[in-house]
Every structure is written in structure tokens, then in C-alpha cells.
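Count the sequence shown with full-length UniProt numbering and you get residues 1 to 479, in order.
For each residue, glycine too, the CB sits at the ideal point set by N, CA and C.
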Amino acid sequence: MFLELDGHGPHYAQLARALKSAVLDGRLTTGARLPPTRELAHELELSRTTVLAAYEQLRAEGFIEGHTGSGSYVAALQTQPPLLSAQPMIDMPSRYAQRARLTRTPGIATKHRGLRYELQYGHSQINPALNGIWGRELARAAMYTPPQIADVQGLPALRKQICDYLACRRGVRISPEQILVVAGTQQAVTLTARVLLDEGDAVVLEEPHYFSMHQALVAHGSRICAVRTDRDGLICAELPQVSPHLVCVTPSHQFPTGAVLSLPRRLKLLRYAEKHQCWILEDDYDGEFRYDAHPLAALRSLDQGDRVIYVGTFSKVLFGTLRLAYMALPVALVEDFFNAKYLSDIASPGIEQAALAHFMEDGGFERHLRLARKELQVRREALIEGLHQYAGERVEIVGSPAGMHVVVWLRGYDHSRAEALIELARERGLGLYSMTPHYLNPPARPGLLLGYCGLSVTALREAMQLFGQCLDDMDAERA
1 MFLELDGHGP HYAQLARALK SAVLDGRLTT GARLPPTREL AHELELSRTT
51 VLAAYEQLRA EGFIEGHTGS GSYVAALQTQ PPLLSAQPMI DMPSRYAQRA
101 RLTRTPGIAT KHRGLRYELQ YGHSQINPAL NGIWGRELAR AAMYTPPQIA
151 DVQGLPALRK QICDYLACRR GVRISPEQIL VVAGTQQAVT LTARVLLDEG
201 DAVVLEEPHY FSMHQALVAH GSRICAVRTD RDGLICAELP QVSPHLVCVT
251 PSHQFPTGAV LSLPRRLKLL RYAEKHQCWI LEDDYDGEFR YDAHPLAALR
301 SLDQGDRVIY VGTFSKVLFG TLRLAYMALP VALVEDFFNA KYLSDIASPG
351 IEQAALAHFM EDGGFERHLR LARKELQVRR EALIEGLHQY AGERVEIVGS
401 PAGMHVVVWL RGYDHSRAEA LIELARERGL GLYSMTPHYL NPPARPGLLL
451 GYCGLSVTAL REAMQLFGQC LDDMDAERA
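Below you can see the structure in the form of C-alpha cells.
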């Protein structure tokens, strides 16, 4: 406990004032247990008699109360919390801080928190059985993981398992020396900006795109060049003639539209990168989940010029709180990315990496993916059936048999009316999410992203029934 004596008067009185101040300013809250007198005396280099005298004074004044055999506790006081002074503004914040302020928007995770039917996209699937399995893996890893800080690249065992997985599932053949374990996709984007970009450098971003990627790049000082997408993914014919430094794509399942980058465009994009000597950041955030066929090979698997930085994540397929992802790096960039990772946080947590490595080696990860894919397909079908039944022709469903969300366009709505629909749904316990934040320029018509990972089949059907009722009420109000 940090206590500063003011140097005026007897030590017991100084200590009493310091403790009283800690209670009044909220550092010691009602019911908080005070340190034992011997312990506090040793910490402050005072005699125990001095501490006992201070405690007695506080008890007499009603600030603390003693419980026999248990100790001394802060009493319940009828006091008002101190007024917080206005936070001082930084006179000269960095350019990064200024840009981050301008681009920041409220997190999607908090927009509809606590609603009964939460259709947030990007959630990992809720699987109670996986919680128990993962708990056992963590317990095992905690017993065998060395206490030293893990390798900046990531544990060798995990990097080997990642390489085996990429070769089997994503068609990517790469050595463990080219794998970097990071704290989620967002850190991968930030490290990429630090390694490859200076302020003012041009970056190609899909339109639409994941807004957090846009925010990270703009905060770094990048100059964004948005290139449209259609049903075949990024329109490569619209790539800029002036060479950008980086092209960011989601080729296996474009976010948020769900389009798949066609093979001709994949080859054209790779030729573009070689010709313009730029790099490609491939975000494969949910490439494991396709329901009509086997997962598509990654763009990195076609890369003959070693220009693609591949990013995959475990947070989407296991737990959002896991915060483990990985980067498959071009040989020329390996050392620079390792240095950037080291300067960012030295290394990712070792116990979680060890648990994940064993989970993958033991076959548990593959079993989980198979079961998750089947369950998510059932949930997706339930969501779409509910849309057909309760929304009907009032929405246009974008066909994309992959991923963890469905995109629907609202027929007969403008953007203000769509926001009114979202607010009405929120009031009734249904969380809907707009497509608009993922565009630099709002789309011609409003759309919604409906995630289905976090709700059961029954709950999804109920959610769609409630969605239909909201549409009915909006129609009635318009009439």
C-alpha cells in the first residue's frame, strides 16, 4: 500500500492522516481490509506501537472497525466521492495520438452489450465443451512451461504446428523460421505498418473493409487508397498506377461482403505486387469456415515472388479472449518483424502458446474445427430461414456460404431510416449492426451484418421473428 507521511507531528498522527486521506479519496473503499499492523509497520519502517496507535485513532473517529480474529476494515461512511478535476489536455500530443483520436469510434463489442439477442459479427462460437478442454490444456501447460519469457517469434512447438496446419488446410508451405506469433490480427496490422510504412505512404484498402484496420493505418499516418470490390472480390483493374507500399486484402472471404477473390484476380494482384514492388497483407480471418466445399487455398499459396504477408488468427476459431494470431512472413521481412514484435511487447504469453501447441498436436484443434463448422452451418441456415420467413422480400440476402455472419441489404430504406430500425431493435433486445462503418463513403443503400456465432439455433429463430416484428412496425409507422 502506498502511503506518504507528511512529516508533521508524531508518526502515529501522520499515519492516521495518510490512511484517512486514502479512505476519503476512494483508494480504500468500504469493506477493504487494512494490512496487519506488523506488516504495515515493516513496510513503512515504523514501530508496531505507532501503527496500533494510528489504527486506534481511526477506530475512535469511525473510519475503520475491527473484527475480532479477522483484522481492521474500512467502515461504511456517508461521504460523497471526490469531484474529479478535468483531465489535463496534452499541449502537444503526437501526430499518432491526434490521428487516433480522429479515427476512433465506439467499439462494436459495447454498442449493444447486455441485449438478449446479440447478432454481433466477429464473435467466436460459444462451445461449453471447449471451455473444459481448454482448461485442462492450460493446466497441463502451466506445469511444463519454463518460467522464462517465451521466444519473441513464438514457441517453436506452436510454430511447427502452425506450419503443418497451413500446409494441410490453406495450401501454404513455409518454414517455422518465417512464423511470428502475435497478439491478435490488430497487432499484426500495427506491426506491418511499423515495419513497412512511413507517414504519407500509400496503402490500398478494400472498399468496404474492416474499420479497425483502416483506423490503425490512418493513425500510423498512411494515405488510404480505397479500391472497390464486387462479387469477385477486389477489382484489380482499379488498383492505382502509382505504386502503393501495401495492399490489404481479405481474399478467401472478403470482409464484410463475403466475396471470394477469383483466381484470375488473385494472379493479377500478385503480378501487380511484383511489378510495383509492393507488399500484400492477406488477412485470412475466418478462412476455415466454408460450408459448400473444402476451404480455399490462401493467396499466399500462389505467391511465387514472396510478396504476401499472411495473417491468421486463433481468436475467431477458439476464444476471443485468447488473443493469439500468427504471421507467415516473406524471408526478406523476417528480421524486421521480429524486431518490431520485440519492441512492442517482447513476446506473446508462453503458457497459452504451449497449451495451443499441444491442443493442435493432439488433434483437438482439428476436431474442434470439424464440429464448429457443422454447428455454424446449422446456425447459418437457421438465420437465413428466419430471414426468409419473417423479413421476406424486404431484405436482400447476400449469398456467401462461408464465414460467421450474413450480409443483408434493406429494401426501401435510406440510411436514417435504417438507423431508426437499429435503435428500435435495440430497445426490444435485438442487436443489429450497420454496414456503413466499413465504408469510407456510405453505400448507396443501407445494409446489416448479422452474426450468428453467439446464439443457439432456437435463439436465432426468435431473433429473426423479433426482427420481422421491427420491420412490421417500421412499415406501419411509414404508412
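| Item | Value |
| --- | --- |
| The region 396-413 / the region 435-450 touching (three or more Cβ pairs under 8 Å) | yes |
| Exposure of histidine 8, with buried meaning 16 or more beta-carbon neighbours within 10 Å | exposed |
| Backbone CA spacing between glutamine 465 and isoleucine 224 [nearest angstrom] | 40 Å |
| contact_flag[the region 358-376, the region 321-341] where n(CB pairs < 8 Å) is 3 or more | no |
| Spatially closest choice to arginine 173 from Ala22, Arg136 and Leu299, by CA coordinates | Leu299 |
| Through-space distance from cysteine 236 to leucine 155, alpha-carbon basis | 38 Å |
| Inter-stretch contact (C-beta, 8 Å, three-pair minimum) for the region 170-185 and the region 334-352 | yes |
| Serine 94 burial status per 10 Å Cβ neighbour count (16 or more: buried) | exposed |
| Heavy atom of the ligand HEM within 7 Å of arginine 228 beta-carbon | As presented, the structure is devoid of all ligands, the ligand HEM included, so that no description of it is given. |
| For phenylalanine 319, the nearest candidate out of Leu246, Val406, Asn131 and Leu333 (CA to CA) | Asn131 |
| Three-state class that DSSP yields for residue 480 in the structure shown | Given a span of 1 to 479 for the chain in the structure shown, any question on residue 480 remains unanswerable. |
| Top-ranked residue by Cα proximity to leucine 115, from Asp472, Asp473, Ala459 and Asp475 | Ala459 |
| Neighbour-count burial assignment, methionine 143, 16 or more Cβ in a 10 Å radius | exposed |
| Cutoff 8 Å; reference threonine 103; Cβ partners in own chain excluding five residues on either side | His214, Gln215, Val218 and Ala219 |
| Element boundaries [alpha helix (DSSP H), containing alanine 402] | Looking at the DSSP string, alanine 402 is not in any alpha helix (DSSP H), and its letter there is neither H nor E. |
| Reduced DSSP secondary structure (H/G/I, E/B, other) of threonine 185 | helix |
| Endpoints, beta strand (DSSP E) assigned at tyrosine 413 | Per DSSP, tyrosine 413 belongs to no beta strand (DSSP E) and is neither H nor E. |
| C-alpha gap between alanine 382 and arginine 428, whole angstroms | 21 Å |
| C-alpha distance - arginine 417 paired with aspartate 475, whole-angstrom precision | 11 Å |
| Status (buried if at least 16 other CB within 10 Å, exposed otherwise) for threonine 190 | buried |
| Serine 70 - containing alpha helix (DSSP H), residue span | Counting along the chain, serine 70 falls outside any alpha helix (DSSP H), and DSSP gives it neither H nor E. |
| Where lysine 316 falls, given that 16 or more other Cβ within 10 Å makes a residue buried | buried |
| Whole-angstrom distance between glutamate 396 and cysteine 168, CA atom to CA atom | 36 Å |
| The region 239-255 contacting the region 276-294, beta-carbon criterion three pairs below 8 Å | yes |
| Per-residue DSSP class, three states only, for glutamate 118 | strand |
| Endpoints, alpha helix (DSSP H) assigned at leucine 246 | Unbroken run through leucine 246 is the beta strand (DSSP E), 246-249; no alpha helix (DSSP H). |
| N-terminal and C-terminal residue of the alpha helix (DSSP H) that glutamate 199 is part of | Neither: glutamate 199 is in no alpha helix (DSSP H) and is coded neither H nor E. |
| Rounded straight-line distance, which links the Cα of aspartate 362 to that of leucine 356 | 10 Å |
| Own chain, CB closer than 8 Å to valine 457, minus 5 neighbours either side, in chain order | Val378, Arg379 and Ala382 |
| Same chain, Cβ closer than 8 Å to tyrosine 96, neighbours up to 5 away in sequence not counted | Ala219, His220 and Gly221 |
| 8 Å contact criterion, which tyrosine 117 and glycine 431 should meet: CB distance rounded | 7 Å |
| Within the region 303-390, ranges of the beta strand (DSSP E) (whole runs, at least 3 residues) | 308-313 and 325-328 |
| Check whether leucine 261 and aspartate 232 have beta carbons under 8 Å apart | yes |
| Rounded separation between glycine 350 and alanine 141 - CA only | 9 Å |
| Short Cβ contact (8 Å threshold) for arginine 170 with serine 301 | yes |
| For tyrosine 433, the residue or residues it bridges with in DSSP | Leu449 |
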